[in-house]
Every structure is written in C-alpha cells, then in structure tokens.
Amino acid sequence: MSPTSEQLPSLQTLADGCLVLSHRLSEWMSLAPTMEEDVALGNIALDLLGQARGLLQQLGDKAGVTEDVLAYFREAQEFRNPLICELPNGDFAHTMLRQLFVDAWLADVWPLLAATTEDPEVRGVAEKAVKENAYHLRHSSSWVLRLGDGTDESHERMTRALDALWPYRGEIASDAWHDRVAAVLSEATLPVPDRDAWTQRTSAAGWHTEHLGDLLAEMQSLARAHPGASW
Amino acid sequence: MSSEKKTPAWPLWEVFIRSRNGLHHQHVGSVHAVDPEMAVENARDVYTRRGEGVSIWVVPSAQIVASDPADKGAMFEPALDKVYRHPTFYEIPDGVANI
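Residue numbers (the working numbering), protein chains in the order written: chain A, 386 to 616; chain B, 22 to 120.
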C-alpha cells in the first residue's frame, strides 16, 4: 500500500531531511572511490540542496524569515529531519545504503506531495524533485546491487551497513518502502531484515542523535561567523 | 583498517554527447566504469551537468581503432596540396545564382 497524503511528512521534515543529507554527501567531495563518483555524489548533494532551498523558502515566507535563517540559525533540537539523514557517512557501502533508504522514501513522497499540495510553489519543487530522485534511486540501487552481490568484502560491508541502518528506517518506512527496499536487497543477495523489528522514532520531537550537533556546527559556522554576508 | 590492496583500474570509456536533436554526437571525453550502465551514468554525471546533452553514447576505449601518429606524413600530407578539392578553388561563372 502506498502512503496517503495524511502520511506525508511535514514540509519541515522534508526540507530538513534534504538539507542535512545534502551536507552529509558533500563531505564525500574529493574522497569518493573514483573521480566520476565524486561528481555523482556532488550532483546528488546539489539536487537535495535545491529541494531543501525550495521548501525552506516557502516555510520562511510563512514565518517571515529567510531560508538562510532557517538553515543556519536554528539549533539541533529545532530540526525535524529523519534521523537517518544525519548519520555519519561511514564507508561507501554505508553511504549508498543510507541513500537507497532515503531515495526509496522520497520516491513515494515527492509524487504524492506534487499531487496533493495546494501550494503551487511547493508543487513546483516536488515535480522537479520527482525526476531528480528517480535518478538518485537508480544510482543508489545500482551501487547496493554491485556491492551486495560483489566481492566477499563488499558483501560484508553492505551487511554491516544494513545492520547499522535498519533501526533508523522507522521514520521513513511505509509498506511501499519496505517492498521497494526488499526487492533491491534480495537482488543484491542481502538478507531482508524483519520489517516489524524495533526502530528509532524521535526526530519529530526534536530528539536527534549526537551526530546532528557536529554536522550543524560545521554547516552553520560560516553563516554564524559572518551573519548576513553575501557572495 | 584493512590492508591496502592494489585493484586494477576500471576500464576506460569514450563519451559522445549529442547536444540537440538533429545534431551528431560529438566526442567530449572519457570516464572510468566497470560496465556499460555505469559508463552511461558516469558520463551523465560528469559531462551533462550544465544541460549539454539530450543523448549519450559510450564506447569502450579499447575498441577505438586509431591511426598511427608516425604515419601522419603518409596519411595526411598528400591532401595538403590538392587545393582543387576545395569548392573555393573554382570561380563561379557569372549568371549562376544562389550559391
């Protein structure tokens, strides 16, 4: 069953999720396994940043502040991103599985938001994001397949990533999500963990992992050191 | 940390991009990739970031057959003095319109 519009995440959750995950991916710049993958991760990070900006502008307009105020001058407990978006990159397998989990979530969220929102600006962001996310999902799925069904070491690393990330699916997983992810995991010769297993769910109340504070300290430091600066 | 293992470099692929429908594909560069699908994705990510293309071809670099630079003289110099092969060599007679 696909999620219904009542199950859509709030715009704040969506905007913060894209912003935080974008920053995480940007941490790979110059460190990815190949130059080509470096550029690919950069492209995905920029897509996510564009999606976050589009939504933060709308949220900022309603709150009477700029997108920058929302991105750079909120504290960790004011962020509503799903916890999985803020988790550290780990190794490349960990990053790609995290990406698959989030892309599989957004694959349902963006079309549903585009179809149900009454805000034309938000609809514009969502419609553009549908295409961007389709490519992200293809990219992350193909890497999970390659690494899961690759060498002994890549399979081992993917399995480790799965153990580490599965408890963070709760805030993004629907039945459709489980079906989508299970199909990729099976093809990648990886185990499909129990969908009813215990899961973290605290970001809606502003409770985050310890990692978000570190991420924000880096992401927000420049804007806070030079408030109002522009290019 | 696991010990550093030398892995062979991924195969190289030549990338051709068609910038608009109706134009031909043009060589733009190369990418490394383990298979054709990854080569197309990498080409997309590296060479179409600014809206450069509507179509991508990738070809294994090893499949390109090239002329030998040492044969440059024999291959190309004979064409240099054949000026009559250029249309500009010929004077257009008076009375021929629309050229």
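Note that CB positions come from ideal geometry on N, CA and C, so glycine has one too. Small disclaimer: the values here were computed from a predicted structure and weren't measured.
Output the distance between the C-alpha atoms of A:Val450 and A:Ala573, rounded to the nearest integer angstrom. 45 Å
In chain A, what lies closer than 9 Å to B:His53 by C-beta? Thr419, Met420 and Glu421
With a threshold of 8 Å, are at least 3 pairs of Cβ atoms found where one atom belongs to the stretch 492-501 of chain A and the other to the stretch 542-554 of chain A? no
Would you kindly report the start and end of the unbroken alpha helix (DSSP H) that includes A:Gln442? Met420 to Ala448
With respect to the alpha helix (DSSP H) encompassing A:Leu484, which residues constitute its N-terminal and C-terminal limits? The sequence shown places Gln at residue 484 of chain A, rather than the Leu named in the question. Run containing A:Gln484: Phe477 to Thr501, per the alpha helix (DSSP H) assignment.
Under 8 Å from the C-beta of B:Arg70: neighbouring residues of chain A: Val424 and Asn428
So what's B:Val49 in DSSP terms, helix, strand or just coil? strand
Who does B:Ser76 pair with in a DSSP beta bridge? B:Arg39
Could you confirm whether any beta carbon from chain D is found closer than 8 Å to the beta carbon of A:His524? The structure shown contains no chain D; the protein chains it does contain are A and B.
Closer than 6 Å by C-beta to A:Trp495: which residues in its own chain qualify, once you throw out the five before and the five after it? Chain order, please. Ala511, Ala514, Val515 and Asn518
Does DSSP classify A:Trp583 as helix, strand or coil? coil
Which class does B:Pro108 belong to by DSSP, given the choice of helix, strand or coil? helix
Of all the CB atoms in chain B, is at least one closer than 8 Å to the CB of A:Ser383? In this structure chain A extends from 386 to 616, so residue 383 of chain A is not present and cannot be described.
Between the stretch 465-475 of chain A and the stretch 576-595 of chain A, do three or more beta carbon pairs fall short of 8 Å? yes
Between which two residues does the alpha helix (DSSP H) containing A:Trp562 stretch? Asp560 to Glu572
Residues in the same chain with beta-carbon distance under 6 Å from A:Gln484, minus the five sequence neighbours each way, listed in chain order, please. Ser525
Alpha helix (DSSP H) containing A:Tyr520: first to last residue? Pro505 to Gly533
Just how far apart, CA to CA, sit A:Leu406 and A:Tyr457? 15 Å
Residues that B:Val67 contacts on chain A, provided the C-beta gap is smaller than 7 Å: Glu421 and Val424
Under 8 Å Cβ-Cβ, which residues of chain A neighbour B:Glu35? Those within 8 Å of B:Glu35 in chain A number zero; the least Cβ separation is about 14 Å.
Coil, strand or helix - A:Trp616 by DSSP: coil
Residues of chain A with a CB under 7 Å from the CB of B:Glu73: which are they? Per Cβ cutoff of 7 Å: no residues; B:Glu73 is ~13 Å from chain A at best.
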